[in-house]
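To keep things clear, I will list the structure first and then write my remarks on it.
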Amino acid sequence: MTSSDANELPYDDNENLDFNGYKRNGCKTAITYFLYAITLGFLRLFFHWFPTWHLYATHSKCSLRDADKVLITDLYHSLCKIYFVEEVEFVTSPDRGRPLVAYLEDGSVHKNHQLRVVRCKKLCYVWSGTESKFLRLVGLDVGQKCADYYSFAGYSEDERNLRLATYGENDINVPLDTILSLFFLEALTPFYFFQVFSLIVWFLDEYYYYAVAIIIMSVVGIATSVLQTRKNQQSLKNTIASCETVSVRANDGAYHQILSHRLVPGDVIEIPSGGCVMQCDAVLVNGNCTVNESMLTGESIPVTKTPIPKTGALYKIQEDAFHTLFSGTKVIQTRVPPDQKVLAVVIRTGFLTSKGELVRAILFPTPSDFKFDQDSYKVLIVLAIVAFIGAIYTVVSKSTRSIEVGYIFLKALDLITVVIPPALPATITIGKLYALHRLKKKEIFCINSKVINVSGSVDCMCFDKTGTLTEDGLDMWGVVGCDDQKLTKPLRDVDALAKSSKLLHGMATCHSLTIIEDRIMGDPLDEKMFESTGWCLEENSTTHTAMVKHNGNEFEILHRFPFSSRLQRMSVICASRNSDALQVFCKGSPEMISSLSVAGSVPCDLREQLKTYTRHGYRVIAMGSRTISKDRDIATTERATVECDLSFDGLIIFENRIKPVTAGVIKMLKDAHIKTVMITGDNMETALSVAVESGIVERDENVVVVDVDQSVDGELRLLYSVEESSKLDSCFSNDVILPMSAPNVRYAMSGASWKRVQMYFPQCVDELVREGVVFARMSGLQKQQVIQELKKQGYYTGMCGDGANDCGALKTSHVGISLSKEEASVASPFTAKQNDISCVEEVIREGRAALATSMGIFKFMICYSITQFTSAIILYGIDDNLTSLQFLFVDIVIVLNLISTFGRTKPSKGALSKERLEGALLSLTSVSSIISQILFVIIFQASAYNLIHTYSWFTPFHFDQNNVLALSSYENYAVYVMSLFQYIIMIIAFSKGEPYRRAIYTNKILFCDVILMTTICLYILFYPANWVKTVLDLKVPPGYNFNLVVLAFAIANFICAFIAEDLIVGYVLAKKVYPKLYQLFRRRAKCSNKAASNDYKVEKSNGFINRAYNTFDGET
475 MTSSDANELP YDDNENLDFN GYKRNGCKTA ITYFLYAITL GFLRLFFHWF
525 PTWHLYATHS KCSLRDADKV LITDLYHSLC KIYFVEEVEF VTSPDRGRPL
575 VAYLEDGSVH KNHQLRVVRC KKLCYVWSGT ESKFLRLVGL DVGQKCADYY
625 SFAGYSEDER NLRLATYGEN DINVPLDTIL SLFFLEALTP FYFFQVFSLI
675 VWFLDEYYYY AVAIIIMSVV GIATSVLQTR KNQQSLKNTI ASCETVSVRA
725 NDGAYHQILS HRLVPGDVIE IPSGGCVMQC DAVLVNGNCT VNESMLTGES
775 IPVTKTPIPK TGALYKIQED AFHTLFSGTK VIQTRVPPDQ KVLAVVIRTG
825 FLTSKGELVR AILFPTPSDF KFDQDSYKVL IVLAIVAFIG AIYTVVSKST
875 RSIEVGYIFL KALDLITVVI PPALPATITI GKLYALHRLK KKEIFCINSK
925 VINVSGSVDC MCFDKTGTLT EDGLDMWGVV GCDDQKLTKP LRDVDALAKS
975 SKLLHGMATC HSLTIIEDRI MGDPLDEKMF ESTGWCLEEN STTHTAMVKH
1025 NGNEFEILHR FPFSSRLQRM SVICASRNSD ALQVFCKGSP EMISSLSVAG
1075 SVPCDLREQL KTYTRHGYRV IAMGSRTISK DRDIATTERA TVECDLSFDG
1125 LIIFENRIKP VTAGVIKMLK DAHIKTVMIT GDNMETALSV AVESGIVERD
1175 ENVVVVDVDQ SVDGELRLLY SVEESSKLDS CFSNDVILPM SAPNVRYAMS
1225 GASWKRVQMY FPQCVDELVR EGVVFARMSG LQKQQVIQEL KKQGYYTGMC
1275 GDGANDCGAL KTSHVGISLS KEEASVASPF TAKQNDISCV EEVIREGRAA
1325 LATSMGIFKF MICYSITQFT SAIILYGIDD NLTSLQFLFV DIVIVLNLIS
1375 TFGRTKPSKG ALSKERLEGA LLSLTSVSSI ISQILFVIIF QASAYNLIHT
1425 YSWFTPFHFD QNNVLALSSY ENYAVYVMSL FQYIIMIIAF SKGEPYRRAI
1475 YTNKILFCDV ILMTTICLYI LFYPANWVKT VLDLKVPPGY NFNLVVLAFA
1525 IANFICAFIA EDLIVGYVLA KKVYPKLYQL FRRRAKCSNK AASNDYKVEK
1575 SNGFINRAYN TFDGET
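Position one of the sequence shown corresponds to residue 475 (the numbering used here), numbered consecutively onward.
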């Protein structure tokens, strides 16, 4: 395919778009409209369900340049495909003398009086004639240098109108459909269309009672769905909708008040001194802001935003987040000299903003690759095939008996409506609704109920470290100074440091703390560090800069370079009252600070001492400093020119205790054979220490640290470093060795190694991820990448975290659990108020119960429909059938009644089961379970049918074509009463208890319901009142001989059902056969993956394997 035909665009972290052009074909269109007419519009309805087929029927493929419609394929990392058919639109400049200006994702600026665009998923794509493809319209966040933002002076009203034509209003418009439109959209779905078809058949067959009951059920179902959808839309719209009056600077320097909806990229806005809620993404160019970003990140820690530096570096939104005010976040306070304003340049509006991206994730969630959902559609296809076969049998068998053709076809269609149960979509949501209710009671909130069932299949759980596995607040352990290129003895009391100590001065100044309502607030680590110094933090009332003081020492913090997880450091520029030079203090990871320090100042024993502290689980931060001239223009100073040539001042050590519940939860997950992984931004040694303490890494496991190194001849090598001992404390080595037969080997990688492995050794990623347990020094994007790799290997992944750095991973995983005090976070499906990982156990436990419930209900509904189908097929052989009220009694009184209480069974207590809950309906165990129950249904119904023929009082049924509703017969009675007990037997058989749910008798309502239904069925079997006989049209045999045999059949059916379900399927297949097959196929997959990647050199040396992957001159 040429570039003019299609192009692939990665437009966010989770999706890829593929564009294909189509042009209307007059001949195809004419034929299609003719077919609409002769099919009475049914073809158009079919195209409503499958819009891509409508495109193929009316358009022909062409180049994108000539297309009037575009087929957009959303590839979702090749996991699945979603199709969108979009019109090509034209946007014309409102001022003919001036062109429209569009900033595109490749950094180019497109100027034209008319733009050719395609809109998909709330984003706009502009045709680029030079590139011959559609490029995503972006704001001023791409291709701009940091210094460029200072050149924006504001727009005139005409210029704003031009940009409004291109970008649209600054409005995150959540669609709010009318009740009527929602009703028709719901009613025109394939399922409800099938319901309409069924109703027509039932009315023609004079099943009035049953048809009316289904109409009521359908109307209630549609109304409930429509009202819930409308409520969700309204709730989201109310949450998102926001419009304020904003002060903007015009190009003449004057300030005007406009509505925030009219903001466009490039506007210069004033941030009110009293704070505000941001209505756009904007880069700060003057003044400081303290912002609460909990709406986006779940963290309510105030974040200080500073003006973007006047440098020539390209603006990157992730790296320059501390200079960016994001839409939806709340500015708490501002700081600026009295004669100035706090100003920011708008860079993104509407759905381009960070808030808009999160709303798009809600409106267009990642398609589920959950096996249960996929299999449910396949099962419906199988049922449709069964119905079609039954219909053919009906036509063939009845036509041989000279029955009226219309009646034959009516009965054939009636059989189709029996096979596909009308209440199926509603019933499979029951388990999820009960689970949601129980989780809410435990203060675990969910914004996407579809994830409930997926959480029951989680077999890999990933955790952040700080604040998730360990306590939020770090305790100050002590400091270690540096003297004569050696680290000094640790000081537990910071006051013991000399007053002139650079380490002390750095601890007092190098932080992101701010004063809000007379309280010092900021990052908890910074708070602990500053508190230990005993210094005071004040605000300069003139310059609004922060000042720290203590015993005659005074520093004014002139500029902050905020902490970056990518750079692993932060720094400040300070002015001291006792010095003519400016002081630079930089703190960060010891590895980073030592690399930025002058070689002569780095302690020679740093590596050895660092391992000593980190292996005990301490969090270690290094401090460095330097002096720079006061004449330097701080505003234009680039970060890299300041954070270099440092003098290494020492180490700051924090205790990072794991939370009390952490080890217990991790043990429970591992005992349940759920893979546990730590993905953290912390130091490797600290991460490994916490991994051992929490139980993620067991003490008898060998941890292999993976790195990439360059050999003397310039070749890159993938190195595995481990010692022969199995103890963790000795797993680090500079040697490139791997034990030849190392048991329990697990991998650990740093973010830097991960990046290089992905770049130069992609063939090794699968193995490293599959056996990886610790990923340290990982950025937010790298956390997402690890989750994505785990998903590609077939794991159902969960992610639990609490920080802004975890948002991407929380959204990428199948099940994201955010630890937040907020009631709900848009960053993840689940939000837990309790601040520990005990919520993970609860989510998985409830998910397993909900999934077991959904599978039990689904299997029951299949067997229930096949049971009715069997009854109908048997009776069709004598041209008899069940009556309308017999169907109604089964559907409403028995089935719907029992199903509605089925999901009330609570999840099992105790430890999570190590038995993996198979979420596939078409698995060996599920299919065997369904088939065995169906076989018993057929055997015992056929037995009852044949048995009743043997009694002396039996009179056969004779079909009366003049009275087709006269269906009362002994055969009908035998088949019907036998089936009544079978529905109850199946609900009990599929209501499984341990290991995922509690026993059926713990669900008191369901248990009493089963007893009540059994009693009613026994009453109908043995001694029904005359009105019952009349209503159900029963022809009851004389005496009780046959009735007792039917009861014996029911007991035998019950015994057979439980032997098949619990012994054969539940034990032999599920616990003996299936695990062996699963391991066999998994082992083969692993072997094939390893064979594909084993292109490394092997050299034996002293009982070890020197294993190194090679690339050529650093290229892949």
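Note that beta-carbon positions come from the ideal geometry of N, C-alpha and C, so glycine has one too.
6 Å Cβ shell around residue 890 - same chain, five flanking residues per side excluded: 861 and 865
Cut-off 8 Å between Cβ atoms - residues of its own chain near residue 1101, not counting five sequence neighbours on either side: Counting only Cβ-Cβ distances below 8 Å, and skipping sequence neighbours, we find 1053, 1055, 1056, 1057 and 1058.
Close beta carbons around residue 692, own chain, < 6 Å, minus the five adjacent residues each side: The residues are 669.
Residues of its chain near residue 934, where Cβ-Cβ distance is below 6 Å and the 5 sequence neighbours each way are ignored: 1149, 1264, 1269 and 1271
Those residues which DSSP pairs with residue 1290 across a bridge: 1273
C-beta contact flag for residue 1094 and residue 1084 at 8 Å: yes
Among 582, 594, 537 and 581, nearest to residue 563 - alpha-carbon criterion: 594
Pair within 8 Å by beta-carbon distance, residue 646 and residue 829: Annotated as proximal: residue 646 and residue 829, with beta-carbon spacing under 8 Å.
Straight-line gap, residue 1112 to residue 797 (C-alpha atoms, nearest Å): 14 Å
Residue 1447 vs residue 1508 beta-carbon contact at 8 Å: yes
Span of the beta strand (DSSP E), counted from its first residue to its last, around residue 1543: Residue 1543 -> no beta strand (DSSP E), and no H or E assigned at all.
Residue range of the unbroken alpha helix (DSSP H) whose run includes residue 1460: 1444-1464
Delimiting residues of the alpha helix (DSSP H) encompassing residue 902: Segment: none, residue 902 is in no alpha helix (DSSP H) and carries neither H nor E.
Inter-residue Cα distance where the pair is residue 1434 and residue 1352: 11 Å
Segments assigned beta strand (DSSP E), at least 3 residues, entirely inside the stretch 932-1008: 934-937, 949-957, 988-990 and 993-995
Counted within 10 angstroms of its Cβ, other Cβ atoms place residue 1207 as buried (16 or more) or exposed: Note that residue 1207 has pLDDT 35, beneath the 50 cutoff, so the model's placement of it is unreliable and no number is given.
Residue from 1307, 1152, 1485 and 651 whose Cα sits closest to the Cα of residue 1245: 1152
Enclosing beta strand (DSSP E) for residue 739 [first to last residue]: It is not in any beta strand (DSSP E) - residue 739 carries neither H nor E in the DSSP assignment.
For residue 1331 and residue 1363, believed in contact at Cβ under 8 Å, the rounded distance: No, residue 1363 and residue 1331 are not in contact; Cβ-Cβ is about 20 Å, not under 8 Å.
Those runs of the beta strand (DSSP E) which lie wholly inside the stretch 784-838 and span at least 3 residues: 804-809 and 817-822
Cutoff 7 Å; reference residue 642; Cβ partners in own chain excluding five residues on either side: 824
Three or more C-beta pairs below 8 Å linking the stretch 1319-1333 and the stretch 923-930: yes
Sub-8 Å separation of residue 569 and residue 495 beta-carbons: no
Presumed contact (8 Å Cβ cut-off) between residue 1456 and residue 1401, rounded CB distance: The pair is not a contact, with the Cβ atoms about 19 Å apart (cut-off 8 Å).
8 Å CB neighbourhood of residue 694 in its chain, flanking five on each side removed: none
Bridge-paired residues (DSSP) for residue 1381: 1471
Residue 1358 beta carbon less than 8 Å from that of residue 683: yes
Alpha carbon of residue 1524 to alpha carbon of residue 1452, nearest angstrom: 7 Å
Among 1368, 903 and 999, nearest to residue 1061 - alpha-carbon criterion: Between residue 1061 and the set 1368, 903 and 999, the nearest pair of CA atoms involves 999.
Ranges of the alpha helix (DSSP H) found wholly within the stretch 647-707, counting only runs of at least 4: 653-661 and 664-678
Cutoff 6 Å; reference residue 602; Cβ partners in own chain excluding five residues on either side: Spatial neighbours of residue 602 in its own chain (CB-CB distance under 6 Å, excluding positions within 5 residues in sequence) are listed in chain order as 609.
Closest by C-alpha distance to residue 559, when choosing among 1392, 833, 521 and 939: 521
Beta-carbon spacing of residue 1048, residue 1030 below 8 Å: Yes, the Cβ-Cβ distance between residue 1048 and residue 1030 is below 8 Å.
Per-residue burial, residue 509 [other beta carbons within 10 Å of its own, 16 or more giving buried]: Looking at its Cβ environment, which holds fewer than 16 other Cβ atoms inside 10 Å, residue 509 is exposed.
Closest by C-alpha distance to residue 1305, when choosing among 611, 757 and 1293: It is 1293 whose Cα lies nearest to the Cα of residue 1305.
Strand pairing of residue 876, partner residues [DSSP]: Answer by DSSP bridge pairing: none, since residue 876 is not bridged.
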